[in-house]
Amino acid sequence: PALREKVVPVPLHPTTLRWVPDPDFDLHYHLRHVRLPEGSTVQDLLDWARTEAAGGFDAARPLWEFTLVEGVGAEEHAAFVMKAHHVVTDGIGAVQLAAHLFDFEASPPGHRRTARPPMNAVSRNDLLRDVLLHDVEGVVDFTRQQVRSALPRMLHAVRHPQQAVTEVVETAVSVARFLAPTSTPKSQVMVGRMMSSNYRTLELPVAHLHGAAHAAGGRLNDGFLAGITAGLQKYHQFHDMDIHELRVAMPVSQRGADDPAGGNHVTVTRFVVPVDEATVAERIRDLHAVVEGVRNEKAMDHTEAMAGFLNLMPKGVIGTMLKGVDFLASNVPGVPMPMWLEGVPVLRFFPFGPTAGSALNVTLMSYDGTCCIGVNMDAAAVSDPDVMLECLRAGFAEVCDLAA
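In my numbering, the protein residues as written are 2 to 405.
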C-alpha cells in the first residue's frame, strides 16, 4: 500500500479522491511507542486501542498509525497496534501488509535499508488530468465490453425473449434489494447508538470451527455466522426477548489476482439471517443457504456500477442504508504460520472493524491455527459488553461441540 501517500480531492471532481505523495512524510509521526501504566491488563490494552481508534486521522497526512504498546499484563507482553483507514487497506490487504511488517522466522537474514523514494510534487492540473484520463479510459473500457457482448445478448434476446425479459427484471429487483435503505434494526434489545464503543476478544481453534461447519455441510464462514447468531440469540434470551431473525452486513471481497497489495476491494452486502433454529446443524445449513443466495445475487455482477452510483449520493443516504443493520460480520483468511517481530513471537492477531451504525462488529482473522475474533460493541446498543462476550463465547462453544 501507498503508506507514504495521502488522499486529496480533485479539482472540479468533488466526489473523487486521489493518492499523492506526502512531501512532509514523517515516519516518527506514524510509528509510535508507548508504555501502559504498571499493572495494566489485556483489557486495559483493549480500552487504550478503542480510544485510539475513536480519534480519527489527520487528513493532511497518510491515513495510518502503528504503535508499539509495552507493559501488557503480569508477563510484560507487548502489542503492535495497527490503525489504518479502510482506503489504505481492507482485511485481506492487511494480511498482505503483515507479510511485509513481520518475519516468518525467529532470526531472519538482515534487512537491507532502502533509500527514501523520491517525492514528485503533484499539481492541481496533474490531478485533474489524471482523473479525466481515468474517466475516459473507464468509458472506453465499458463501451468496448458492451460492444463485445451486445451481439450475443441481442441474439439471445431474439431467440429467448421471455427469458431475456425475466433476466432483466431479476437483475433490477436484485439491484434494488442491494441498495434499499433499512432504517430499523430487527433487534428490540440492541437499539441504542452512540460514538463510544467497547472492545473484547474471543479465540478458538480453526480446526474446531471448520470441523463443525463441515459436519453440517457448510464452510468455516457458515460456522462463524452460526457462532455469532447463537450468541446473539442467547443475549436476547438473557434480556427476556425472543428473536427470530437479524440483519447482518458482511463484506464480500472483490479482490482479483492482479490487484496490488493493500487498497480496499470489498463490497458490503446486507441480508437477513435466521436466529432461532432448533439445532446447530440446522443453523449452519440454513446460514449456508442464505449466504450462497447472496453470493449468487445478480446485483453482485454490477458492484462497480453501484459503487459509482453511491459515490454520487450524499453521505446521509449511505448512512441510512446501514442504520437498520444489527451487526457486521467479517471473516478474513489470515496467516496460517507463526510470525515474529524483531525476534519476538507473535502470539495472536486480533482484528477490530468499525460498527458503522450497527450494534456490534464481529471480525475473525485466522492466525497459526487459531481463530482470533475481535468484537467491537456500540456502548449504547450493548450496555453490558461482558454479558455479550459470554453469550458469544457460549454460542461458539455450542457450534464447536458439533465437531466432537
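Positions of the beta carbon are idealized from the N, C-alpha and C atoms, including for glycine. Nothing here was measured: the structure is a model prediction, and the numbers come from that model.
Q. Given TRP341, which residues of its chain have a CB within under 6 angstroms of its CB, disregarding the five upstream and five downstream residues?
A. The residues are ASP104 and ALA107.
(Q) Using 7 angstroms as the threshold, is the C-beta distance between ALA360 and HIS209 below it? (A) no
Q: Have a look at the DSSP bridge pairing and note the partners of VAL345.
A: LEU342
Q: Mind reading off the beta-carbon distance from VAL8 to VAL88? Whole number of angstroms is fine, and I expect it under 8 angstroms.
A: 6 angstroms
Q. Do ASN377 and SER198 have their C-beta atoms within less than 7 angstroms of each other?
A. yes
**Q.** Cβ-based neighbour list, GLY344, same chain, cut-off 7 angstroms, excluding 5 preceding and 5 following
**A.** ALA107 and SER108
(Q) Using 7 angstroms as the threshold, is the C-beta distance between VAL276 and MET242 below it? (A) No, the pair does not count as a contact, with Cβ atoms beyond the cut-off.
Q: May I have the straight-line CA-CA distance separating GLY219 from HIS289, to the nearest angstrom?
A: 6 angstroms
Q: With DSSP as the reference, label LEU10 as helix, strand or coil.
A: The sequence as given places Pro at residue 10; Leu does not occur at that position. Three-state DSSP puts PRO10 in a strand.
Q) Considering only the beta carbon of each residue, do VAL388 and ILE229 sit closer than 7 angstroms? A) For the pair VAL388 and ILE229, the CB atoms are not nearer than the 7 angstroms cut-off.
Q: In angstroms with no decimal places, state the Cα-to-Cα distance between TYR368 and VAL347.
A: Rounded to whole angstroms, TYR368 to VAL347 spans 10 angstroms at the Cα level.
Q) In whole angstroms, what is the alpha-carbon distance linking ARG19 and ALA61? A) Here the C-alpha atom of ARG19 lies approximately 13 angstroms from the C-alpha atom of ALA61.
(Q) Closest to VAL70 by C-alpha separation, out of TRP49, HIS86 and LEU247, would be which residue? (A) TRP49
Q: Count the other CB atoms, across all protein chains shown, that sit within 10 Å of the CB of MET338; report buried if there are 16 or more and exposed otherwise.
A: It is exposed - the Cβ of MET338 has fewer than 16 other Cβ atoms within 10 Å.
Q. In angstroms, rounded to a whole number, what distance separates the CA positions of PRO10 and PRO22?
A. 14 angstroms
(Q) If I measure Cβ to Cβ from GLU293 and keep anything under 7 angstroms in the same chain, skipping five residues before and after, which residues do I get? (A) none
**Q.** Given ILE285 as reference, the closest of PHE67, LEU329, VAL192 and ALA217 once Cα atoms are compared
**A.** ALA217
Q: Give the DSSP-derived three-state secondary structure of GLY335 in the structure shown.
A: strand
Q.
Once DSSP output is grouped into helix, strand and coil, what is the label at GLY309?
A. At GLY309, the pLDDT of 49 sits below 50, so the modelled position is not reliable; the number obtained from the coordinates is stated separately. DSSP places GLY309 in helix when its eight states are reduced to three.
Q: Go ahead and pull the three-state DSSP assignment for ILE244.
A: coil
Q.
For a test of your reading of the model: does the CB of ALA100 fall under 6 angstroms from any non-hydrogen atom of the ligand GDP? Yes or no.
A. Judged by which ligands are present, the structure shown has none, so any question about the ligand GDP falls away.
**Q.** First and last residue of the uninterrupted beta strand (DSSP E) at ASP59
**A.** Here ASP59 belongs to no beta strand (DSSP E), and DSSP marks it neither H nor E.
Q.
Looking only at its chain, what residues have a beta carbon closer than 7 angstroms to the beta carbon of HIS31, apart from the 5 residues adjacent to it on each side?
A. PRO63, TRP65, GLU66 and PHE67
Q) How many Å lie between LYS235 and ALA395 at the Cα? A) 8 angstroms
Q: Note the first and the last residue of the continuous beta strand (DSSP E) segment covering LEU64.
A: Unbroken run through LEU64: none, as it is neither H nor E.
(Q) Quick check: the Cα distance between SER47 and PRO334, rounded to an integer number of angstroms? (A) Reading the sequence as shown, one finds Leu at residue 47 and not Ser. In this model, LEU47 and PRO334 are separated by some 22 angstroms (Cα to Cα).
Q: Identify whether VAL409 lies in helix, strand or coil by the three-state DSSP scheme.
A: Look at the range of the chain in this structure, 2 to 405, and you will see that residue 409 is not part of it.
Q: Output the distance between the C-alpha atoms of ILE93 and GLU53, rounded to the nearest integer angstrom.
A: Cα to Cα, the separation comes out at about 22 angstroms.
Q: Assign GLU283 to buried or exposed, taking buried as 16 or more other Cβ atoms, counted over all protein chains shown, within 10 Å of its Cβ.
A: exposed
Q. Which residues in the same chain as GLU278 place their Cβ atom closer than 7 angstroms to its Cβ, once the five residues preceding and following it in sequence are excluded?
A. ARG284 and ASP287
Q.
Can you give me the C-alpha to C-alpha distance between HIS211 and GLY193, rounded to a whole angstrom?
A. 34 angstroms
Q: Can you say whether THR280 is buried or exposed, counting buried as having 16 or more other CB atoms within 10 angstroms of its CB?
A: exposed
Q | Rounded straight-line distance, which links the Cα of SER41 to that of GLU246 | A | 39 angstroms
(Q) With a threshold of 6 angstroms on Cβ separation, who are the neighbours of VAL273 within its own chain once the five nearest residues in sequence on each side are excluded? (A) GLU246 and ARG248
**Q.** Residues near ARG33 in its chain [Cβ-Cβ closer than 6 angstroms; skip 5 each side]
**A.** Result list for ARG33: THR68, in chain order.
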